[in-house]
Amino acid sequence: MSISSRVIYLDSNATTPVMPLALEAARAVMEDDYGNPSSVHSSGLQAKAVMEQARATACDLLGCSEGKLLFVSGATEGIQTAVFSALLALREKQAQDEKVGTDLLYGATEHKAVPESLHHWNTVLNLNFRILAIPVDNAGRHDLKFIEEHIQDAGLICTMAANNETGVITDLVSIENLIKDSPAYWLVDGVQALGKLPLKLNQHRIDYSLFSGHKLYAPKGIGMLYVHKDAPFTPLLAGGGQESSLRSGTENVSGIAALGAVMKALGDGISFRDHATLSRYRLQLLEAMRDAFPGLILNASLEESLPTTLNFSVPGLTSKEILDLFDAADVRVSAGSACSAAKAQPSFVLQAMALPEWQAASAVRVSFGPATTQDYIDEACKRVRVCGEALRKTCMVTGDIEPLPADGVMQLSFGAACTWIIANAATKECVVIDPLPELIERIAKYMRCQHYSVKAVLATNSHPQQDLHNSSLIKLLADAYSGAQNDDPSGFYTDSNSSSLESSEKYLSLGKMKIRKLDSQLQTETHFVYLYGSTESQIQFAFCGDVLRNERLSNEQRSDIENQFSKHTLICVAHDFEKQLVSRLESSQECKLEDVTIPSSGLNEFLRTHPGTVMVDVREPYEQQLSHFDVPAGTEVLHVPLSRLANGVDRWLRTEDHAKAPLLFFCRTGGRSSQAVQCLRRLGYANAWHIAGGLALWQH
Ligand code: PLP
Numbered sequence: 001m002s003i004s005s006r007v008i009y010l011d012s013n014a015t016t017p018v019m020p021l022a023l024e025a026a027r028a029v030m031e032d033d034y035g036n037p038s039s040v041h042s043s044g045l046q047a048k049a050v051m052e053q054a055r056a057t058a059c060d061l062l063g064c065s066e067g068k069l070l071f072v073s074g075a076t077e078g079i080q081t082a083v084f085s086a087l088l089a090l091r092e093k094q095a096q097d098e099k100v101g102t103d104l105l106y107g108a109t110e111h112k113a114v115p116e117s118l119h120h121w122n123t124v125l126n127l128n129f130r131i132l133a134i135p136v137d138n139a140g141r142h143d144l145k146f147i148e149e150h151i152q153d154a155g156l157i158c159t160m161a162a163n164n165e166t167g168v169i170t171d172l173v174s175i176e177n178l179i180k181d182s183p184a185y186w187l188v189d190g191v192q193a194l195g196k197l198p199l200k201l202n203q204h205r206i207d208y209s210l211f212s213g214h215k216l217y218a219p220k221g222i223g224m225l226y227v228h229k230d231a232p233f234t235p236l237l238a239g240g241g242q243e244s245s246l247r248s249g250t251e252n253v254s255g256i257a258a259l260g261a262v263m264k265a266l267g268d269g270i271s272f273r274d275h276a277t278l279s280r281y282r283l284q285l286l287e288a289m290r291d292a293f294p295g296l297i298l299n300a301s302l303e304e305s306l307p308t309t310l311n312f313s314v315p316g317l318t319s320k321e322i323l324d325l326f327d328a329a330d331v332r333v334s335a336g337s338a339c340s341a342a343k344a345q346p347s348f349v350l351q352a353m354a355l356p357e358w359q360a361a362s363a364v365r366v367s368f369g370p371a372t373t374q375d376y377i378d379e380a381c382k383r384v385r386v387c388g389e390a391l392r393k394t395c396m397v398t399g400d401i402e403p404l405p406a407d408g409v410m411q412l413s414f415g416a417a418c419t420w421i422i423a424n425a426a427t428k429e430c431v432v433i434d435p436l437p438e439l440i441e442r443i444a445k446y447m448r449c450q451h452y453s454v455k456a457v458l459a460t461n462s463h464p465q466q467d468l469h470n471s472s473l474i475k476l477l478a479d480a481y482s483g484a485q486n487d488d489p490s491g492f493y494t495d496s497n498s499s500s501l502e503s504s505e506k507y508l509s510l511g512k513m514k515i516r517k518l519d520s521q522l523q524t525e526t527h528f529v530y531l532y533g534s535t536e537s538q539i540q541f542a543f544c545g546d547v548l549r550n551e552r553l554s555n556e557q558r559s560d561i562e563n564q565f566s567k568h569t570l571i572c573v574a575h576d577f578e579k580q581l582v583s584r585l586e587s588s589q590e591c592k593l594e595d596v597t598i599p600s601s602g603l604n605e606f607l608r609t610h611p612g613t614v615m616v617d618v619r620e621p622y623e624q625q626l627s628h629f630d631v632p633a634g635t636e637v638l639h640v641p642l643s644r645l646a647n648g649v650d651r652w653l654r655t656e657d658h659a660k661a662p663l664l665f666f667c668r669t670g671g672r673s674s675q676a677v678q679c680l681r682r683l684g685y686a687n688a689w690h691i692a693g694g695l696a697l698w699q700h
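Heads up, the sequence shown stops at 700 in UniProt numbering, and the numbers go up one at a time, no gaps.
So, in structure tokens, the structure goes:
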């Protein structure tokens, strides 16, 4: 299933590569026309000519022969300058006792640069104006009624031309109709519209509009700010008087030349695809996505969004899982939401659209640039389908491919909460402990896909809610459930005072392994512990739920429970707030991450000085399926996904000390491998390390 290593970049709303003609224009300036445009000698004049040519091309394209078009460092600077200028003008008018609107309105889905600028300048200028978000509907459209009702009190209104997350296009004409008689200034963020939508600025009453070069094949650090001829303007930067004293600082001439080259190309009718072609490309991508992710739900309608943007969610898959999957196949997309390591933060844009929480928290954005070619889209679709195959093979979605069997102890998480699954690939049987409501459907599908029979669905607490979740899972499992029908498995597990599973009178077997409920006269009525291990050895795993963190547990009860564990027993909890993965009764001290981190550049040196190192890939099976990476010859690589690390930990810790090989963990970015190495170190495995930045840096 290996695929070529060329990156397919589908994150153009974040940034784009610099297109060759822009690169050439920038190179020519840096090498040939490198004069300072303020210099009066020939080199200076040549640089100035390059700049003015770029401005003229851009003005032509944007239809702004009237007004100013300034080169700035990017959209954020453009927004600052516009907001600063507008608010100062409002303050001056107020000072002259003119009646001005003092509400600052902005679309609830604007890029953060807009509301942050409003708040910033409102505070810095000590204005105390009211800042109001214009609500949007389910489709991401501005609430026109709200605008109509508030425009008479507004001093400034900010509405983006197209949204960066969803691609939703703003109905600027309707907004213009509503505000045409208002003196409020109007700022239109044109960043995502440039090159994708026709925009003739002088035909509208727009006061400020801004653009960012790096969103359209020019380099980072260059942008444009349009200011209507009658709109107030105050320079943000004072100094050498560049840009007719409106924006001081030596101009970024190479960036301007590159942006000028892109603007010229936009008008040549060859370099960029038209709307219909881009829409066709997007549809083709969507079909591939639907093949890979059955049940995909679009978060914005195709008709009302940029033809280069798709934003979707997949029931049962998180954005991080999809991102990791794509990244392993060298396909770059982004989460519609910003993900923190601890928990995916739902997208504020999708939240503003009042989409269901799961949709807002698991959105994926796919975006391509308007110069994309048919070949590129074809290759992208091929890769997306290969990703779909990897998902089916690992039972992340159901399909017709024979799956890779899962074996051993697996941890599924939702936030800090954990469901544990114990699977036996040989007998195709498994047990589920504490199914989380968010994961129930996925678990049921997974079991059916794996053709596993679920022998029990257990709970580590007697909460009626958990009972409900367990019953729901059993219902969904239907034929895949072979446990007791009264779904009270406690009957399986009775008396035993022994710490060995062997002598338990009643237990549940999974092949040669056994699971039993910890039996104790002192155990709380509301918490249960399940012990799991082979008949020959001691208890390997204890599924403790939250009992050990229960403050009401007496010392006697605690030691009664703990006495049944061995020093090797790995404790698996229901809430892993500290991201420990697994723990033991006796843990070593926490290690400092920097002491166990190997920089990607130091890998070869590490392997040379640590003979026998085993590299451990902790990415999930669907990522491992897709990945192709090089390791130094002779290096052993083990695949132990983080969700199944418990099995590896159990094995590694039981190894005789002299045979404990150096373990070097890696993943995609270094996040998961840092968790793995800290877990191993905490449990006393001193010879464990991880690679900073993961494959993203090491294979770069
Ligand atoms: N506005 C929109 C709609 C954007 O998408 C972005 C960048 O993501 C910005 C403003 C800010 O652009 P820059 O970071 O280039 O200043």
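The C-beta atom is built at its ideal place from N, Cα and C for all residues, glycine as well.
The C-alpha of ILE151 is placed about 22 angstroms away from the C-alpha of THR123. PHE541 has TYR532, LEU570 as its beta-bridge partners, per DSSP. Look at ARG247 here: in three-state DSSP terms it is coil, with no helix or strand label. Measuring C-alpha to C-alpha distances from ALA265 to each of PRO115, GLY602, LEU23 identifies LEU23 as the nearest.
If you ignore the 5 residues before and after PHE293, its C-beta comes within less than 6 angstroms of the C-beta of VAL314, all in its own chain and listed in chain order. In the DSSP assignment, the residues bridged to CYS158 are TYR106, LEU187. Looking from the CA of GLU594, the closest CA among LEU607, ARG681, GLU556 belongs to ARG681. When rounded, the separation of the alpha-carbon atoms in SER39 and ALA231 is 30 angstroms. If you check the C-beta of HIS142 against ligand 1, you find no heavy atom less than 7 angstroms away. Assignment of beta-bridge partners to HIS204 by DSSP yields no partner. Closest in alpha carbon position to ALA417, among VAL18, ASP434, PRO356, is ASP434. By the criterion of a C-beta distance shorter than 7 angstroms, THR394 is surrounded in its chain by PRO403, LEU404, PRO621, TYR622, GLN625, once the five residues flanking it on both sides are discounted. Selection HIS575, GLY155, ALA49 evaluated against LEU104 yields GLY155 as nearest (Cα-Cα).
In the three-state DSSP reduction, SER627 falls in the coil class, being neither helix nor strand. Taking C-beta separations shorter than 7 angstroms and ignoring five residues to either side along the sequence, the partners of GLU66 in its chain run ASN202, LYS229, following chain order.
Around the Cβ of LEU664, a 10 Å sphere holds 16 or more other Cβ atoms; the residue is buried.
Under the DSSP assignment, ASP650 falls outside any beta strand (DSSP E), being part of the alpha helix (DSSP H) whose first and last residues are 645–654. Taking the Cα of LYS200 as reference, the smallest distance to any Cα among ILE179, TYR185, TYR226, PRO183 is reached at TYR226. Under the 8 angstroms Cβ criterion, the segment 21–35 counts as touching the segment 251–271, having at least three qualifying pairs. GLY545 and ASP467 have their C-alpha atoms roughly 14 angstroms apart. Nearest in C-alpha terms to ASN299, of all of GLU321, PHE129, ASN138, SER12, is ASN138.
Around the C-beta of VAL409, 16 or more other C-beta atoms lie within 10 Å, and the residue is accordingly described as buried. Taking C-beta atoms as the reference points, VAL262 and ALA193 fail to come closer than 8 angstroms.
Out of PRO370, ALA659, VAL72, LEU391, the CA that lies nearest to the CA of LYS220 is found in VAL72.
Checking the 7 angstroms criterion, the Cβ of SER212 is within range of a heavy atom belonging to ligand 1. For GLY694, the uninterrupted alpha helix (DSSP H) segment begins and ends at 694–698. Not one heavy atom of ligand 1 lies closer than 7 angstroms to the C-beta of GLY107.
If you check the CB distance, ALA390 and ALA363 do not come in under 8 angstroms. Spanning the alpha carbons of MET447 and LEU412 requires a straight line of approximately 14 angstroms. DSSP, reduced to helix, strand and coil, places ALA238 outside both helices and strands of the structure shown, so it counts as coil.
Taking all protein chains shown into account, ASP189 has 16 or more neighbouring C-beta atoms within 10 Å of its C-beta and is therefore buried. Fewer than three Cβ pairs drawn from the segment 346–363 and the segment 646–660 lie within less than 8 angstroms of each other, which leaves the two stretches out of contact. Annotation: HIS463 is outside any alpha helix (DSSP H) and is labelled neither H nor E by DSSP. Note on geometry: alpha-carbon atoms of ILE169 and GLU77 lie some 23 angstroms from one another. Relative to the non-hydrogen atoms of ligand 1, the Cβ of GLN192 comes within a distance shorter than 7 angstroms of at least one.
Taking every protein chain shown into account, the CB of ARG282 has 16 or more other CB atoms within 10 angstroms, so this residue is buried.
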